[in-house]
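If you want the working numbering, it's the position in the sequence shown, counting the first as 1, plus 35. The beta carbon of each residue, even a glycine, is placed where N, CA and C say it ideally should be. Please read all numbers here as calculations on a predicted model, not as lab measurements. To start, the structure under review is shown below, and the notes come after it.
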Amino acid sequence: MFKIIALTLTVLVASSAASEQVPLPGVAGHAQYKYQYGVQGVENGDHKGQWEHRDGDQVQGSYTLLEADGTSRVVDYKSDSVHGFQAHVKREGHAKHPTGESYANFYQFY
36 MFKIIALTLT VLVASSAASE QVPLPGVAGH AQYKYQYGVQ GVENGDHKGQ WEHRDGDQVQ
96 GSYTLLEADG TSRVVDYKSD SVHGFQAHVK REGHAKHPTG ESYANFYQFY
């Protein structure tokens, strides 16, 4: 009987300790930041951007990049301590595939 009570108390103490937020050493209490960046590579076609805001445990942001087929991938995301990380991915535009010689017979070029 004593073992069952001791095990139950141990589990209760461990579960209550796990639910408490333990501050990390050297980290301030309430995190806040905002940032954004963008790249418009005219010569290499590298087009992308991102922004993100954080207030405490709530993070919200978005990033966009130009895919090889000419479409844009847009990812809107948010995260918090209740719902976790949630991302919504969408594709904008119509895919454009190169026309011309086929590479189906790869060895014809060697």
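Item	Value
Which residue or residues does DSSP assign as beta-bridge partners of Val110?	Tyr98 and Val124
Would you tell me roughly how many angstroms separate the C-alpha atoms of Val77 and Lys83, rounded to the nearest one?	12 angstroms
Which first and last residues belong to the beta strand (DSSP E) in which Gly73 is found?	Gln67 to Gln75
Return the CA-CA distance between Gly64 and Asp115, expressed in angstroms with no decimal places.	16 angstroms
Using CA atoms only, rank isn't needed, just tell me which of Trp86, Gly91 and Gly80 is closest to Gln67.	Gly91
Is His82 helix, strand or coil when you go by DSSP?	strand
Closer than 7 angstroms by C-beta to Gln75: which residues in its own chain qualify, once you throw out the five before and the five after it? Chain order, please.	His82
Please report how far the alpha carbon of Glu87 lies from the alpha carbon of Tyr98, in whole angstroms.	9 angstroms
For Val110, tell me which candidate among Asn79, Gln85, Gln71 and Lys69 has the shortest Cα-Cα distance.	Gln85
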